[in-house]
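Q: Numbering (our numbering), first residue to last: 10 to 286. Think of the CB as a built atom: it goes at the ideal place given N, C-alpha and C, for glycine as much as any other residue. I have a structure I would like to understand better, so I am pasting it below and will then ask my questions one at a time.
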Amino acid sequence: MKKWTVAMSAAAMLALSACNNGSDVVVETKAGNITKDELYNEMKERFGKDVLRDLVHEKVLSKKFKVTDKEIDKEIENLKEMYGVQYDLAVQQNGEEAIRNMVKLDLLRQKAAMEDIKVSDEELKKYYNEYKPKVKASHILVDDEKTAKEIKAKLEKGEDFAKLAKEYSKDTGSAQNGGDLGWFGPGKMVEEFEKAAYALKVGEVSDPVKTQFGYHIIKVTDKEEKKSFDEMKEEMEYEVKKSKLDASKVQSKLDKLMKEANVDIKDKSLKDALKSE
Numbered sequence: 010m011k012k013w014t015v016a017m018s019a020a021a022m023l024a025l026s027a028c029n030n031g032s033d034v035v036v037e038t039k040a041g042n043i044t045k046d047e048l049y050n051e052m053k054e055r056f057g058k059d060v061l062r063d064l065v066h067e068k069v070l071s072k073k074f075k076v077t078d079k080e081i082d083k084e085i086e087n088l089k090e091m092y093g094v095q096y097d098l099a100v101q102q103n104g105e106e107a108i109r110n111m112v113k114l115d116l117l118r119q120k121a122a123m124e125d126i127k128v129s130d131e132e133l134k135k136y137y138n139e140y141k142p143k144v145k146a147s148h149i150l151v152d153d154e155k156t157a158k159e160i161k162a163k164l165e166k167g168e169d170f171a172k173l174a175k176e177y178s179k180d181t182g183s184a185q186n187g188g189d190l191g192w193f194g195p196g197k198m199v200e201e202f203e204k205a206a207y208a209l210k211v212g213e214v215s216d217p218v219k220t221q222f223g224y225h226i227i228k229v230t231d232k233e234e235k236k237s238f239d240e241m242k243e244e245m246e247y248e249v250k251k252s253k254l255d256a257s258k259v260q261s262k263l264d265k266l267m268k269e270a271n272v273d274i275k276d277k278s279l280k281d282a283l284k285s286e
């Protein structure tokens, strides 16, 4: 959340600093007025170092590394999966453009840090052999095994899965959509659910599967085809490099690139903005 706040503050500070007359009144009250200078200085005091650091990083990194809209879109989809409702709230509060800017900057930093990371053929082969494509599934979740078996029997007699999900499933979110859970990959579901889903063929329905949430009847509705090694090579290299990243490696690379760019901060109050915490 802090990142999104900083992204919004950066946009606001740029807009304010672009104004020629800092004495212009932003707010009028009986107790006195608030000028653009006062607002800018307050924002600088609260967020100045974070905002300046982000602006400098983007300026320097964008000269050498490129981030496409497609890459931003993919990362935003990951954020939606990870944060759910929190992501929607962040969009409402800050606007989608601010979040896209934050994602772009994160990806620039990531690409910079990955530049020096090497990946071996053995690592790629291991990743490929262990890789599981995404599956799309629906489920009906109930509290007890007896009810789950009754639902399975109804399905075997030809009753509609979506209709039964709406009638029986206690997972109200998916029940409204006929039990549809959408696409997911490894690690997104609890172990028992994932194992059962990946064992099913498209169109197959599981026996009752017990998890910490209750008993599931699972139906796989689609599966991604696993691409060839060559088709996946670029994607695999990216993912393996990403798995090797840590905060210290990223910061070390950023420090090096900022030094090479001869960054000279003129405002004394922001002099430490690029220093590692």
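1. Can you tell me whether G196 is buried or exposed, with buried defined as 16 or more other CB within 10 angstroms of its CB?
2. What alpha helix (DSSP H) runs, 4 residues minimum, are completely inside the region 77-110?
3. For the region 77-86 against the region 108-124, do three or more pairs of beta-carbon atoms, one drawn from each stretch, fall closer than 8 angstroms, so that the two count as touching?
4. Using DSSP bridges, identify the partner residues of H225.
5. Could you have a look at K134 and say whether DSSP puts it in helix, strand or coil?
6. Less than 8 angstroms between the beta carbons of Q102 and K251, yes or no?
7. Across which residues does DSSP place I43 in a beta bridge pair?
8. Tell me the residue span of the beta strand (DSSP E) that contains L283.
9. Which two residues bound the contiguous beta strand (DSSP E) that contains D189?
10. Could you compute how far the alpha carbon of A171 sits from the alpha carbon of T220?
11. Helix, strand or coil for K253, going by three-state DSSP, please let me know.
12. Keeping to the same chain, check which residues put their C-beta closer than 8 angstroms to that of K161; ignore five residues upstream and five downstream.
A: For this structure:
1. Note on G196: under 16 other CB atoms within 10 angstroms of its CB, so exposed under the neighbour-count rule.
2. The region 77-110 contains these whole alpha helix (DSSP H) runs: 78-92 and 94-103.
3. With the cut-off at 8 angstroms, the region 77-86 and the region 108-124 touch.
4. Looking at the DSSP output, H225 bridges to L150 and V218.
5. Here K134 sits in helix by DSSP.
6. No; because the gap between Cβ atoms is not below 8 angstroms, this pair is not in contact.
7. V36.
8. Premise fails: L283 is in no beta strand (DSSP E) and is neither H nor E.
9. Per DSSP, D189 belongs to the beta strand (DSSP E) from D189 to F193.
10. Roughly 21 angstroms between the two C-alpha positions.
11. Reduced to three states, the DSSP call for K253 is coil.
12. The answer, listed in chain order, is V214, D216, P217 and I226.
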